[in-house]
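Sequential numbering from 34 applies to the sequence shown in my numbering.
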Amino acid sequence: MSTLIGLAGSVAAGKSTLAAQLAETERAAGKTVEVVSTDGFLLPNAELERRGLLGRKGFPESYDAAAFTAFLDALRAGEPASVPVYSHQTYDILPDTRRALGQPKLVIVEGINALQPAFTAGKLDQRLYLHAEEPDLFRWYRERLLRLRDTARTDPSSYFTRFLALTDAEWEARIQTIWESVNLPNLHEHILPTKALADTVLVKGPDHGIVAASPLLSAG
34 MSTLIGLAGS
44 VAAGKSTLAA
54 QLAETERAAG
64 KTVEVVSTDG
74 FLLPNAELER
84 RGLLGRKGFP
94 ESYDAAAFTA
104 FLDALRAGEP
114 ASVPVYSHQT
124 YDILPDTRRA
134 LGQPKLVIVE
144 GINALQPAFT
154 AGKLDQRLYL
164 HAEEPDLFRW
174 YRERLLRLRD
184 TARTDPSSYF
194 TRFLALTDAE
204 WEARIQTIWE
214 SVNLPNLHEH
224 ILPTKALADT
234 VLVKGPDHGI
244 VAASPLLSAG
């Protein structure tokens, strides 16, 4: 049976980076570790569009709850498990593609909805929440999207090629709109409330460094 750690936090908080760092620390201690992003349990874009949920992508209702909970149950039962693969190039689930996990000693489940009770209640051994102030979160989000659009200039497979026709000012305005109409409401309504469920809250400063942990992470 795998030990399951959930790591939640806002879009652009740095969850994936922190999860990778935690995994490396545990591997150095001799454990087999897998990091799983909750993005893999998003419904495919075509299904989201069919349900009228494409504009709600990232909100709890945009996930395949049954697949998510079945995955966690399999790990807890000591059974082999696999996850769908989400592509950040196409911003969609890759069809007919799954990643097999086997039976790792530790699984870190990271994502904005990693602590949502509807998905993970009673299924996690440890719950972490990565907190940062909203101005920092927006700054990091903006920097990410500016970088992704620039990368799309030389990568025709990128989802962000559709935004290349926008002027820089129009792209800045689009980023602001997405943040205010999608990411902030999701943060306030669904993500931030799960902070109260965390065993440990990690606080990031403006330079991405962890400046506080409450309670302190155990050395064990």
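Just so it is clear, CB atoms sit at the ideal spot from N, CA and C, and this is done for glycine as well.
{"query": "Exposure of Q149, with buried meaning 16 or more beta-carbon neighbours within 10 Å", "result": "buried"}
{"query": "Nearest-angstrom Cα separation, counted from E82 out to D72", "result": "17 Å"}
{"query": "Nearest neighbour of E203, chosen from Q54, H221, L179 [CA to CA]", "result": "L179"}
{"query": "Pairwise C-alpha distance: T58 and G253", "result": "With a pLDDT of 40 at G253, under the threshold of 50, the modelled position of that residue is not reliable, and no figure is offered here."}
{"query": "Close beta carbons around S115, own chain, < 7 Å, minus the five adjacent residues each side", "result": "R131, R132, A133, L134"}
{"query": "Distance between Y192 and S251 (C-alpha atoms, nearest Å)", "result": "Residue placement at S251 is flagged as unreliable, the pLDDT there being 48, under the threshold of 50; the coordinate-derived value follows with that caveat. Roughly 40 Å between the two C-alpha positions."}
{"query": "Start-to-end residues for the beta strand (DSSP E) that takes in Q159", "result": "159-164"}
{"query": "Sequence-distant residues of the same chain with beta carbon closer than 7 Å to L55, five excluded per side", "result": "I141"}
{"query": "Secondary structure of E205, DSSP reduced to three states", "result": "helix"}
{"query": "C-alpha gap between V69 and P226, whole angstroms", "result": "22 Å"}
{"query": "Reduced DSSP category for R186 - H, G, I as helix; E, B as strand; rest coil", "result": "coil"}
{"query": "Bounding residues of the beta strand (DSSP E) (the contiguous stretch that carries R131)", "result": "125-135"}
{"query": "C-beta atoms of P93 and H223 nearer than 7 Å", "result": "yes"}
{"query": "Residues near Y174 by beta carbon distance below 8 Å, same chain, minus five either side", "result": "V44, A45, I208, W212, N216"}
{"query": "Own chain residues within Cβ distance below 6 Å of T65, not counting five before or after", "result": "P137, K138"}
{"query": "Contact check, L40 vs L157, beta carbons under 7 Å", "result": "no"}
{"query": "Segment limits, beta strand (DSSP E) that includes K237", "result": "233-237"}
{"query": "Residue burial classification, L170 (beta-carbon count within 10 angstroms, cutoff 16)", "result": "buried"}
{"query": "Unbroken alpha helix (DSSP H) run spanning L108, endpoints", "result": "98-109"}
{"query": "Other residues of its chain near Q101: CB distance less than 6 Å, five sequence neighbours each side excluded", "result": "One point to set straight first is that residue 101 is Phe, not Gln, in the sequence displayed. Answer for F101: F74, F152, listed in chain order."}
{"query": "Contact check, K48 vs L163, beta carbons under 7 Å", "result": "yes"}
{"query": "Chain-order list of residues whose beta-carbon lies under 7 Å from that of P77 (same chain, five-residue window excluded)", "result": "D125, I126"}
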